[in-house]
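The next block holds one structure in the form of structure tokens; read it before the comments.
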Amino acid sequence: MASKHFNEPRDIGYGKEFSEYYQREYKSLCLINQESNTIFTGKKQKDLFIFTMALGKYSNKKSDAKQKQNNIPVQALSESQKWAVLSIGIDEEKNIIALKDEGPIYENAEKYANEGMKILKSHMDKWGPNYVKSLEADLKEILNSN
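Take a look at the structure:
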């Protein structure tokens with residue numbers, strides 16, 4: 149059953165500098181393209197956004213997107229993806245009252261996603277095709293530390 153959301157934005161987005169990784173018309177660079185050899189092959193922009201948001205949040209790094217492009221309709225997010233975004237707001241405010249206005253929470257999520265894409269891109273540049281193994285090693289380290 150879907151939850152009622154208050155003041156959620158119509159769209160969320162990413163910086164123009166990363167558009168080639170999100171948009172399928174950039175066939176050679178797009179991470180979600182069917183022909184790509186990435187872990188995001190066949191996924192949607194919303195999935196890449198949530199992944200990069202989580203990566204940015206875990207790293208506790210966020211930055212404003214330059215020339216933000218609002219290309220991801222919030223209505224396209226699954227309920228669990230919306231709650232992933234909203235959980236950031238609750239965590240940062242340390243209060244559930246943050247849900248009263250979801251707009252600032254989504255803006256914050258965009259900042260984490262922007263920085264998360266920088267982190268992902270740096271992994272890809274450093275490790276090439278083996279960047280997935282690097283991310284997997286980081287994930288195992290996280291799981292083992294808890």
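Numbering (our numbering), first residue to last: 149 to 294.
Every residue, glycine too, gets a C-beta built ideally from N, C-alpha and C.
Bear in mind the structure is a predicted one, so any value in this text is a computation, not a measurement.
| Check | Outcome |
| --- | --- |
| When the Cα atoms are used, what is the spatial distance from Asn-185 to Gln-193? | 16 Å |
| Going by DSSP in three states, Asp-249 sits in which element: helix, strand or coil? | coil |
| When the Cα of Ile-187 is compared with those of Lys-209, Ile-245, Glu-284, Lys-259, which residue comes out closest? | Glu-284 |
| Residue range of the beta strand (DSSP E) that Gly-276 falls in? | Counting along the chain, Gly-276 falls outside any beta strand (DSSP E), and DSSP gives it neither H nor E. |
| Between the C-alpha atoms of Thr-200 and Val-280, what's the straight-line distance to the nearest angstrom? | 14 Å |
| Using only the alpha-carbon positions, how far apart do Gly-251 and Lys-274 sit? | 35 Å |
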